[in-house]
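Peer 1:
Protein chains in written order, with this note's numbering: chain A, 64 to 375; chain B, 322 to 578.
(1) From the DSSP output, in three-state form, read off residue 331 of chain A for me.
(2) State buried or exposed for residue 577 of chain B, treating a residue as buried only when at least 16 other CB atoms are found within 10 Å of its CB.
(3) So, does the stretch 257-264 of chain A touch the stretch 296-304 of chain A, judging by three or more C-beta pairs under 8 Å?
(4) I want to verify the contact list: residues of chain B whose CB lies under 8 Å from the CB of residue 82 of chain A, in sequence order.
(5) Quick check: what's the CA-CA separation for residue 127 of chain A versus residue 120 of chain A?
(6) List the endpoints of the continuous alpha helix (DSSP H) containing residue 176 of chain A.
(7) Using 8 Å as the Cβ pair cut-off and three pairs as the minimum, do the stretch 322-331 of chain B and the stretch 425-443 of chain B touch?
(8) Hey, is the stretch 183-193 of chain A in contact with the stretch 128-146 of chain A, meaning 3+ C-beta pairs nearer than 8 Å?
(9) Tell me whether residue 378 of chain B sits in a helix, a strand or coil according to DSSP, three-state version.
(10) Using the beta-carbon of each residue, which ones in chain B are nearer than 8 Å to residue 151 of chain A?
(11) Under 8 Å between beta-carbons, which chain B residues line up against residue 113 of chain A? List them in chain order, please.
(12) Could you pull out every residue in the same chain whose Cβ sits closer than 8 Å to the Cβ of residue 398 of chain B, ignoring the five residues on either side in sequence?
(13) How far does the alpha helix (DSSP H) with residue 504 of chain B in it reach, from first residue to last?
(14) Taking DSSP as the reference, what is the three-state secondary structure of residue 56 of chain A?
(15) Taking residue 96 of chain A as part of the beta strand (DSSP E), name the residues at either end of that continuous run.
(16) Starting from the Cα of residue 541 of chain B, find the closest Cα among B:359, B:362, B:472, B:500 and give me that residue.
(17) Using a cut-off of 9 Å between C-beta atoms, extract the partners of residue 224 of chain A located in chain B.
(18) Hey, out of B:556, B:563, B:425, B:409, whose CA is closest to residue 333 of chain B's CA?
(19) Is it buried or exposed, residue 336 of chain A, if we count other Cβ atoms within 10 angstroms and call 16 or more buried?
(20) Using a Cβ-Cβ cut-off of less than 8 Å, list which residues of the stretch 429-453 of chain B approach chain A; keep chain order.
(21) From the DSSP output, in three-state form, read off residue 417 of chain B for me.
(22) Give the DSSP-derived three-state secondary structure of residue 197 of chain A in the structure shown.
(23) Out of B:521, B:470, B:559, B:511, which one is the CA nearest neighbour of residue 548 of chain B?
(24) Got a sec: which bits of the stretch 126-143 of chain A sit with their beta carbon under 7 Å from any beta carbon on chain B, in order along the chain?
(25) For residue 385 of chain B and residue 476 of chain B, I'd like the C-alpha separation in whole angstroms.
(26) How is residue 270 of chain A classed by DSSP in three states: helix, strand or coil?
(27) Confirm, please, whether the CB-CB distance from residue 347 of chain A to residue 339 of chain A is below 8 Å.
(28) Helix, strand or coil, according to DSSP, for residue 348 of chain A in the structure here?
(29) Whose C-beta lies closer than 6 Å to the C-beta of residue 415 of chain B among residues of the same chain, with five residues either side of it excluded?
(30) Hey, how far is the Cα of residue 272 of chain B from the Cα of residue 466 of chain B?
(31) Is there a Cβ from chain B that is less than 8 Å from the Cβ of residue 165 of chain A?
(32) Could you please give the first and the last residue of the uninterrupted alpha helix (DSSP H) stretch that includes residue 378 of chain A?
(33) Nearest-angstrom Cα distance between residue 374 of chain B and residue 387 of chain B?
(34) Can you tell me whether DSSP reads residue 325 of chain A as helix, strand or coil?
(35) Using a beta-carbon distance below 8 Å, is residue 195 of chain A in contact with chain B?
(36) Starting from the beta carbon of residue 331 of chain B, find every residue of chain A whose beta carbon is closer than 7 Å, and list them in chain order.
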């Protein structure tokens, strides 16, 4: 549904995007992760036609965003990081405007006005905006404004949704509401969302695309990426801790790095998983006793840090 | 085309949601009223000196000349008002990032530009219609030439049309409303004085003729005299299309910057 190939974008000699390629299919929510300035928003702006790429193409349901922009934009809904809302309109006026501008009532509709009114009512109901439909957008809280912006992205029932930081600045209850809405849309849409809240990405997404300094580092589902990048990290806890144990573990040839927390739990990375036996043998030979020796958690945060640090 | 009307209607309504447009129209009506009162006083004084009546000989100007004077002064007032009306067309949307809403909607850039143009044009049309209460007094209490009056207003609307297109273009070049205001006013003023400076800049050659042709006042004056010529109408229509084209290029090119 969404196909991005070889996107390149340069600003004043600096490559913001370098040969970015990935795709998003119907029924999937893809998490688009990257540090600040990595190129997430630039990619999303190019996908939605706000800016043009120097090279590469974006196809939405087969329509190229540059060659067939109107057909492509009919298939896509965009929630940017800064929601583009007219603050002097009421919620209802704002959604009605979006419905009309996106051509929701087709020329063939016998009763266009009724179609528009019904769609506006559906959007207000879907996004729980009934209580504030008569209020000016400028007077709403951030959570409500985000929902109005999401309504704008959904009015024409697009097949592809692009969400840039959809839960930024929201409280936990609002985040849960947005999450539920996104999950309810997942079945018949291709959704790509970016977020700094890794917990949200873990909860919502079934695939990941990680970008760093304008280049795609990895794509795939969670399990594949975890296996690839979680690394061979282990946590060691011993019965009889010695002060120089960290240094001794670090000094082992099979250990690439090691660190300790304030509970004397040592986390270390192995170059090969088979070397775990060597570490266990070393600790037992020292007579320190092993209390715990297990793989470190392959959380998304860990994966993300591994991925971006490997790039460096 | 529907998208243009939607954008125009939304912007037209939005313009009146703040005191700015109302204040501008109030200012325009106020200054027009002062001109009107001055003209009527002068006319009454001249009539008193020449009891042969309105439109008679001597120093009494015909009623039609008063209406011409009102329309002529109105177009100078609009040099101040028009930039304030057009300055936010694109500049405001660029600054608040609402431009993304228009960029991601399935509409062409021409629809956006034309919609912005229509909203500002109709706002100024509304202002001019309000100011037409003054010539209406002359129509009720005098005997002006109705067709000449209507042709004068047609010329005014054509003049406004190309100036609004120019203002829209300047607004699309910047996100700062003040700069849009300033450069629109300077641009319109420069066009006005082209007639006078052209011979000084370019002598008497082809360039001077071209510059003089580009000056709007000579084209406008024929409308004030009740004359509609194809040359003058085409001038205003072409200038309007030209500046709208520039605005479209400017708006569309933002994607590539």
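Cβ coordinates follow ideal geometry from the N, Cα and C atoms, glycine included. Owing to the predicted nature of the structure, the values given are computational and were not obtained by experimental measurement.
Peer 2: According to the data block:
(1) strand
(2) exposed
(3) no
(4) In chain order: nothing, as chain B lies at least about 19 Å away.
(5) 7 Å
(6) 175-189
(7) yes
(8) no
(9) In this predicted model, residue 378 of chain B has a pLDDT of only 47, less than 50, meaning its place in the structure is not dependable enough to derive any value.
(10) 335, 338, 339
(11) 421, 424, 425, 576
(12) 349, 352, 353
(13) 498-523
(14) For chain A, the structure presents residues 64 to 375; residue 56 of chain A sits outside this window and is missing.
(15) 92-97
(16) B:472
(17) None at all; the shortest Cβ gap to chain B is about 12 Å.
(18) B:409
(19) exposed
(20) 429
(21) helix
(22) coil
(23) B:470
(24) 133, 136, 137, 141, 143
(25) 15 Å
(26) strand
(27) no
(28) helix
(29) 496
(30) Nothing in the structure corresponds to residue 272 of chain B, since chain B is present only between 322 and 578.
(31) yes
(32) No answer is possible for residue 378 of chain A: it lies beyond the span of chain A, which begins at 64 and ends at 375.
(33) For residue 374 of chain B, the pLDDT reaches just 48, beneath the cut-off of 50, and the residue's location in the model is therefore unreliable, although a value from the coordinates is still provided. Cα to Cα, the separation comes out at about 15 Å.
(34) coil
(35) no
(36) 160
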